[in-house]
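K.L.:
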Amino acid sequence: MVRVDELADSGGLLGDAGALRRRLAEDGYLFFRGLLPVAEVRAAGAGVLAELRRGGWVDDRGIPSVDRRALNSMEALGDPAFRAAITSPAFNQLPYLAPLRGLIRLILGPQAFSYPAKVLRAVYPEGPPGVARGRYVHQDYAVSGVQDMLTTWVPLMEIPVRLGGLAVRPGSHLGRPQRPRVLRRDERGWAAAHYQEGDALVFHCLTSHAALPNRGMSLRLSGDFRWQRPDQRVPAQLVLGPAGGRRELFSRMFAREPWWEPVPAGMSLSPREQLAAIPPGPSRYFAVHPGWQRWQPPGGVVH
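One point on numbering: in the working numbering, the residue at position 178 of the sequence shown is 178, and numbering is uninterrupted.
Listed below in structure tokens is the structure:
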């Protein structure tokens, strides 16, 4: 197993925008124990697992099928059970919960919004020689091409170290961009936790991170929800969906839900690949390493 340090809990800084921004600027991440209501997170996880069970991903005992499914994003979106899970109301509601949305707006500003395109991770146990894509060290600037975008990673179940979970490298946002590579077992300077339902990990788009291997017996379920300010250019695919369209992704499904919040009006949308091909501009929170001026997007999908 990869040896990792314990994430520092930033719960004591809640409500203090200046302190949160300073720690984010120093460490590149913020971790919160029990930020979200456990009941809502548990309901989201149970709903996701129920859909995957109906689709044959796991049996009635929760043991993953031998025939692994949707090992990349395109396969996942083509799987009916996965589509049902990722479009479930309980899962989509998570970024709109007041504790998480309020936290992000305290950091980014009151108009910050979550992309309608949410990311569901359902990770099988990993055995040699396979390596899940999320296990590659990477930085999320390639996801959107938006400077100071924040990713919130939310476990949908208890995730002890044997199931992996997400690891970040504190301070890596202050360095140069990294080429994708599998996190080595002998590396030091990485941090993770025994994650519980209700926990939330927030990290900057220039922060290096990687998923740890799932050495357990069950699927590992988590969600990624990404945020930005509306006064920057916005990646069109993360608002309108990968197929494009004229309406906000999922707006037809959830517009009448009391928790739904549309993206701000009047934003400037651009193709995601166009934005991600441009080196990041100055950050509002820290000095960006000059090596980022030679940034080139990675050749393959590693998220």
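No residue lacks a Cβ here, since even glycine has one placed at the ideal position from N, Cα and C.
#1: Within 10 Å of its beta-carbon, does V38 have 16 or more other beta-carbons around it, so buried, or fewer, so exposed?
#2: Figure out for me which residue from R135, G11 and R22 has the closest Cα to the Cα of F31.
#3: Report the CB separation of A112 from Q228 in whole angstroms; it is logged as a contact under 8 Å.
#4: Just to confirm, are Y285 and A25 a CB contact at a threshold of 8 Å?
#5: Using alpha carbons as the reference points, say which of A98, G127, D199 and E126 lies closest to S114.
#6: Could you have a look at Y285 and say whether DSSP puts it in helix, strand or coil?
#7: From the DSSP output, in three-state form, read off L103 for me.
#8: For the region 219–227 against the region 147–163, do three or more pairs of beta-carbon atoms, one drawn from each stretch, fall closer than 8 Å, so that the two count as touching?
#9: Spatial neighbours of A90 within its chain, please: C-beta separation below 6 Å, excluding the five flanking residues on both sides.
#10: Between the Cα of V234 and those of G15, Q274, R252 and L163, spot the shortest distance and give me the residue it belongs to.
#11: Residues in the same chain with beta-carbon distance under 7 Å from A200, minus the five sequence neighbours each way, listed in chain order, please.
#12: Do the region 292–299 and the region 165–173 meet, that is, are 3 or more Cβ pairs less than 8 Å apart?
#13: By DSSP's criteria, L221 is part of a beta bridge. Which residues make up the other side?
#14: Would you kindly check if the distance between the Cβ of H204 and the Cβ of L150 is under 8 Å?
#15: So is Q293 buried or exposed if we call it buried at 16+ other beta carbons inside 10 Å?
#16: How is W292 classed by DSSP in three states: helix, strand or coil?
#17: What's the gap between the Cα of Q308 and the Cα of Y124?
#18: Going by C-alpha to C-alpha distance, which of E248, W295 and P282 sits closest to G266?
#19: Taking DSSP's pairing of strands, which residues face V182 in a bridge?
#20: Can you give me the C-alpha to C-alpha distance between A142 and W190, rounded to a whole angstrom?
#21: Going by beta carbon distance, what residues of the same chain come within less than 6 Å of I86, once the five residues before and after it are set aside?
#22: Quick check: the Cα distance between R185 and E6, rounded to an integer number of angstroms?
P.N.:
If we stick to the structure as given:
#1: exposed
#2: The option with the nearest alpha carbon to F31 is G11.
#3: Contact between A112 and Q228 holds: their C-beta atoms lie close to 7 Å from each other, under 8 Å.
#4: yes
#5: A98
#6: coil
#7: helix
#8: yes
#9: A43, A44 and G47
#10: Q274
#11: F32, L35, L36, L100, T152 and V154
#12: Taking 8 Å as the limit for Cβ pairs, the verdict is that the region 165–173 does not touch the region 292–299.
#13: A122
#14: yes
#15: Q293 is exposed by the Cβ-count criterion.
#16: helix
#17: Residue 308 is absent from the model: the chain starts at 1 and stops at 303.
#18: If we check each option's Cα against that of G266, E248 comes out closest.
#19: Its beta-bridge partners are Y136.
#20: 21 Å
#21: L120
#22: 16 Å
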